[in-house]
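Chains as they are written, first to last, in the working numbering: chain B, 1471 to 1697; chain Z, 1471 to 1697.
Here the structure comes first, spelled out in structure tokens, and everything after it is commentary.
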DNA sequence: CTGCTTCAGTCACCAGAGTGTCACAGCTGG
DNA sequence: CCAGCTGTGACACTCTGGTGACTGAAGCAG
């Protein structure tokens, strides 16, 4: 419930369609943020996260699935993918990349709005706060930046993925398998040793010193980001 | 994530399609509960709530939208509506009644599974809280966290498994054999001594002090979590 | 192409957590 | 009072987790 009128990011390179979407969504009571390229959309989303995104599959500088994947790295906002392509393969790829719905053109305005409502209703609960601050530690998932006492800390890709996963589920315990599956992939769910090593390195970088305060070990089970 | 394999309620009056859906969903790793009438579906859902429902729009004793509405009165499970009708009016009505998705026949098996995954993923976040609160004790099964007076209590894997089992069946008596079977495995159903030891340790961590209040002993039979 | 730097994975070692066993004390019902 | 069941503390064994050093791969600049 952060805003009266939900802000929707709309990404489509055909200005005709973009304009039509704007009209439809504004009439339905939404605030619209428009973008015509993947880069522009990602930038705008990072600067001021919208409540949901509607993304066209075909773009001049990439495709909608890649945009979906990038947004999903730090946000859980509802994402609706639009496409003229009704091919099953595309639908599956988009949905597995994290999209909430896949709508084939041509579609009715009322259907689009109904699907958007459904997605927002479902998402309603979870608060989207891509910047996490915990006692001297600041993690900006969108900017991929971690600061301790204002000082920028450099994390390797694996370290950041681990931290992101932990922070997005802060308070919840993540099993070894869950972390390995997300960060390394399903075929590595039994390779616990690398996980241990990288957790150790991550701790060395973000923990104040001495005892682990943020990343807590649950022996025999997994890790948890203490909230 | 209360179960390993999510249980899906499938409601369709055409037994051909019902059978096809069963095969597809089982292959994708789901447990399927089938129903051919609205009444049967509602009864089954009430008796043992599934993690999601797939509902055909046209039924002998009502329509899928009505079933959706009735389920929504008490459950937030993901609901996917199937239909041969692609009419926008129907889609809007179904979605506004609380459906999460509306899929038009004919559809591909992989698309269906992908949409089901998306719906479950979304629902998993804001899942109806499996948090049990009893007088100063707070047990969050999803987060695997136990708090007493707000303070996080550390439980070992066996302790937590025991507590989870007891809490899920709170009020009900669990025999020694039942607990041993679930927590240790079928081959340990006669090793009562370790069970006693771990119950003792668990009590030491969660019971306020002195008399057992939450975990009650039924001499010669088993234990129960007093609700 | 070469050398440097960074990052990931492996291994060995040690400390410590988790577990089962056992002995013993307390309780309860007949 | 006795027999059987239960609770609990001590202890030893096993296995997991943290850590530092090393190897190898990848990227980059000169």
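Positions of the beta carbon are idealized from the N, C-alpha and C atoms, including for glycine.
Query                                                                                                                                                                                                          : Result
Which value, in whole angstroms, describes the spacing of the CA atoms of residue 1507 of chain Z and residue 1530 of chain Z?                                                                                 : 7 Å
Please return the same chain residues whose Cβ sits closer than 7 Å to the Cβ of residue 1615 of chain Z, not counting the five positions on each side in sequence.                                            : 1622
In this structure, how does DSSP classify residue 1480 of chain Z when only helix, strand and coil are distinguished?                                                                                          : strand
Cβ atoms of residue 1613 of chain B and residue 1523 of chain B: under 8 Å apart, would you say?                                                                                                               : no
Using the Cα positions of residue 1610 of chain Z and residue 1480 of chain B, report the straight-line distance between them to the nearest angstrom.                                                         : 37 Å
Around the Cβ of residue 1546 of chain B, are there at least 16 other Cβ atoms within 10 angstroms (buried) or fewer (exposed)?                                                                                : buried
How about residue 1672 of chain B and residue 1632 of chain B: are their beta carbons less than 8 Å apart?                                                                                                     : yes
Anything in the segment 1510-1543 of chain B with a Cβ closer than 9 Å to a Cβ of chain Z? List those residues in chain order, please.                                                                         : none
Any beta carbon from chain B within less than 8 Å of residue 1498 of chain Z's own beta carbon?                                                                                                                : no
Residues of chain Z with CB closer than 7 Å to the CB of residue 1646 of chain B, please, in chain order.                                                                                                      : Per Cβ cutoff of 7 Å: no residues; residue 1646 of chain B is ~12 Å from chain Z at best.
Is it buried or exposed for residue 1538 of chain Z, if we count other Cβ within 10 angstroms and need 16 for buried?                                                                                          : buried
Pull up the distance between the alpha-carbon of residue 1484 of chain B and that of residue 1542 of chain Z, whole angstroms please.                                                                          : 38 Å
Looking at the C-beta of residue 1634 of chain B, does it have a partner C-beta in chain Z at a distance below 8 Å?                                                                                            : no
Please go through the same chain and pick out, in chain order, the residues whose beta-carbon is closer than 7 Å to the beta-carbon of residue 1504 of chain Z, but skip the five residues on each side of it. : 1480, 1488, 1492
Label residue 1690 of chain B either buried or exposed according to how many other C-beta atoms from any shown protein chain fall within 10 Å of its C-beta, with 16 as the threshold for buried.              : exposed
Could you name the residues of chain Z that residue 1490 of chain B contacts, counting a contact when the two beta carbons are closer than 7 Å?                                                                : Those within 7 Å of residue 1490 of chain B in chain Z number zero; the least Cβ separation is about 16 Å.
Quick check: the Cα distance between residue 1533 of chain Z and residue 1555 of chain Z, rounded to an integer number of angstroms?                                                                           : 13 Å
Between which two residues does the alpha helix (DSSP H) containing residue 1630 of chain B stretch?                                                                                                           : 1627-1638
Just the chain B side, please: which residues come within less than 7 Å of residue 1562 of chain Z by C-beta, in chain order?                                                                                  : 1580, 1581, 1584
Here's the rule: buried if 16 or more other CB atoms are within 10 angstroms of the residue's CB, otherwise exposed. What is residue 1664 of chain Z?                                                          : exposed
Which runs of the alpha helix (DSSP H), 4 residues or longer, sit entirely within the segment 1564-1623 of chain B?                                                                                            : 1579-1593
Considering only residues of the same chain and omitting the five flanking positions on each side of residue 1675 of chain B, which have a CB-CB separation below 6 Å?                                         : 1623
For chain B, check one thing: does any of its Cβ atoms lie closer than 8 Å to the Cβ of residue 1571 of chain Z?                                                                                               : yes
List the residues of chain B whose Cβ lies closer than 9 Å to the Cβ of residue 1593 of chain Z, in chain order.                                                                                               : 1592
Between the C-alpha atoms of residue 1535 of chain B and residue 1482 of chain B, what's the straight-line distance to the nearest angstrom?                                                                   : 13 Å
Span of the beta strand (DSSP E) holding residue 1502 of chain Z?                                                                                                                                              : 1501-1505
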